[in-house]
Amino acid sequence: MSYFSTDTKKVEFSEASITEAYNNGYVLTRLGKGEMNQTRSLRIDLESFELTSENRRILRKTEGIDFKVIGLPYPSYSWEIHKLGKEYYERKFGEGVMSASKIKDMFNNTEDENMTDAITYNFQGKNIGYCLIYKNKQIMHYAYPFYDLDSEVSNLGMGMMIRAIEYAKHNGLKYIYLGSVVDPESKYKLQFNNLEWFDTDQSSWSTDLDRLKNLIS
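With my numbering, letter number 208 in the sequence shown gets 202, and the count goes up by one each step, no holes.
Structure, rendered in structure tokens:
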């Protein structure tokens, strides 16, 4: 799991300060309240966003998933959540990337952690995926997703992300941030319309996806 950062800072945990920082290429981290890293951030301008035919195909393949956004601290937390998260991050990215205790803290300890809500994804009465997000009245950061890698639902990870994007648009948010794009494994995030990425060399947002693909290839 690659990480790329050009600057770090701590900001006041207010909507205005955090929204401004995101607009300057920073994203909230799991390193402490208000701690942010500047990175090659990716976002969608939601004002005129529309799903592509491929996005709609994924939604059809993941029909039947119930979607809920629940404010933190998580009201019905159980050990199965951090067990699922730890297994996901170990299998996808290797040991030590995300501990069970950190997942538990992010769901429950809102005094010290940065995430504001959790998205739950339920299929046939079972929670098969979650995503920890930061959300305010203007932006949303789809930050820490994890799901059952053995689920019978195909394309589950992308189906989860598309539903979150639709939620952000339908709720009148300006941008949804999809994390950073720093290596070839990040290319799956580039299948959406209205994408912008933060060019850390120019300290500005760009829509030149060909250049971005060259940078991460």
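Beta carbons are placed, not taken as given, at the ideal position from N, Cα and C, and that holds for glycine.
| query | result |
| --- | --- |
| Tell me, which residues are paired with residue 5 by DSSP? | Beta-bridge pairing links residue 5 to no other residue. |
| Given residue 66, which residues of its chain have a CB within under 7 Å of its CB, disregarding the five upstream and five downstream residues? | 101, 104, 109, 110, 111 and 112 |
| Whose C-alpha, out of 171, 193, 152 and 177, is nearest the C-alpha of residue 185? | 152 |
| Would you tell me roughly how many angstroms separate the C-alpha atoms of residue 155 and residue 119, rounded to the nearest one? | 20 Å |
| Going by Cα to Cα distance, which pick from 202, 115, 149 and 204 is closest to residue 75? | 115 |
| Where residue 128 and residue 137 are concerned, what is the direct C-alpha to C-alpha distance, given to the nearest angstrom? | 7 Å |
| Would you check if there are 3 or more beta carbon pairs closer than 8 Å linking the region 13 to 25 to the region 177 to 184? | no |
| Do residue 80 and residue 72 have their beta-carbon atoms positioned less than 9 Å apart in this structure? | no |
| Report the CB separation of residue 34 from residue 191 in whole angstroms; it is logged as a contact under 8 Å. | 6 Å |
| Counting pairs of Cβ atoms below 8 Å between the region 10 to 20 and the region 51 to 68, do you hit three or more? | no |
| Can you name the residues that DSSP bridges to residue 123? | 115 and 141 |
| In the DSSP assignment, what are the bridge partners of residue 37? | 171 and 190 |
| CA-CA distance, residue 135 and residue 4? | 17 Å |
| Which first and last residues belong to the beta strand (DSSP E) in which residue 62 is found? | 59 to 65 |
| Under 9 Å between the Cβ atoms of residue 163 and residue 43? | yes |
| Confirm, please, whether the CB-CB distance from residue 201 to residue 209 is below 9 Å. | no |
| Whose C-alpha, out of 46, 157, 91 and 122, is nearest the C-alpha of residue 141? | 122 |
| Hey, would you say residue 204 sits closer than 9 Å to residue 117, going by beta carbons? | no |
| So, helix, strand or coil for residue 22, using DSSP? | strand |
| Where residue 193 and residue 159 are concerned, what is the direct C-alpha to C-alpha distance, given to the nearest angstrom? | 22 Å |
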